[in-house]
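A.B. asks: Let me begin by handing over the structure; questions about it come next.
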Amino acid sequence: MRVFIFLALCFAAVVAVPSNPQRIVGGSVTTIDRYPTIASLLYSWNLSSYWQACGGTILNNRAILTAAHCTVGDAVSRWRIRLGSTWANSGGVVHNVNANLVHGSYNSRTMDNDIRILR
């Protein structure tokens, strides 16, 4: 009987795992067509594989606005920007980051002026 209860609990734990952990809790399904100015910021620990770490907004053809806390202390070579895709890890066009400009009064303790521009 204990084995049956244990197996039932294991099964319940597996079933309870979210089917798509990349979704925002409480968010709603949409596409890039509805929000074309959205950018996906991709980060790499090893400079070979990248994953979506933050988001941003296209300001113009050379700049993305994001939160300063997303990229604080990171080399620009660790970041890429995906544009024009509904999906976090495929589609669209991926660009390298060449410059990382933080607000001059950014305060990491209080999060005041938590803005950054990536080029």
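Residues -16 to -1, 1 to 103 (mature numbering (1 follows the signal peptide of the UniProt record, and there is no 0)) are what the sequence shown spells out, left to right. No residue lacks a Cβ here, since even glycine has one placed at the ideal position from N, Cα and C.
Can you tell which of ILE99, ILE101, THR70, THR41 has the C-alpha that lies nearest to the C-alpha of ASP17?
C.D. replies: Along the sequence shown, read from residue 1 onward, the residue named residue 17 stands at position 33. The shortest C-alpha separation from ASP17 is found at THR70.
A.B. asks: Should the segment 19 to 34 be called in touch with the segment 56 to 72, which here means at least 3 C-beta pairs below 8 Å?
C.D. replies: Yes, since at least three Cβ pairs between the segment 19 to 34 and the segment 56 to 72 fall closer than 8 Å, the two stretches touch.
A.B. asks: Taking the alpha helix (DSSP H) that HIS87 belongs to, which residues open and close that run?
C.D. replies: As a working mapping, residue 87 is identified with position 103 in the sequence shown. Looking at the DSSP string, HIS87 is not in any alpha helix (DSSP H), and its letter there is neither H nor E.
A.B. asks: With DSSP as the reference, identify every bridge partner of ILE48, one or two as the case may be.
C.D. replies: If you number the sequence shown from 1, residue 48 lands on position 64. According to DSSP, ILE48 bridges with ILE42, LEU102.
A.B. asks: Spell out the partners DSSP gives ARG64 in its beta bridges.
C.D. replies: What you label residue 64 is simply residue 80 of the sequence shown in a count that begins at 1. Note: ARG64 sits in a beta bridge opposite LEU26, ASN80.
A.B. asks: Whole angstroms are fine: how far does the CA of ILE48 sit from the CA of GLY10?
C.D. replies: Taking the first residue of the sequence shown as 1, we reach residue 10 at position 26. Taking the first residue of the sequence shown as 1, we reach residue 48 at position 64. For GLY10 and ILE48, the distance between alpha carbons rounds to 25 Å.
A.B. asks: Using the beta-carbon count (16 or more within 10 Å), is ALA59 buried or exposed?
C.D. replies: Your numbering for residue 59 matches position 75 in the sequence shown. Exposed is the call here.
A.B. asks: Cα separation between GLY57 and ASN30?
C.D. replies: Counted from its first residue, the sequence shown places residue 57 at position 73. Counted from its first residue, the sequence shown places residue 30 at position 46. Each residue's alpha carbon lies about 16 Å from the other.
A.B. asks: Smallest Cα separation from ASN84: which of SER33, ARG103, CYS38?
C.D. replies: Numbered from its first residue, the sequence shown carries residue 84 at position 100. The residue with the shortest Cα to Cα distance from ASN84 is ARG103.
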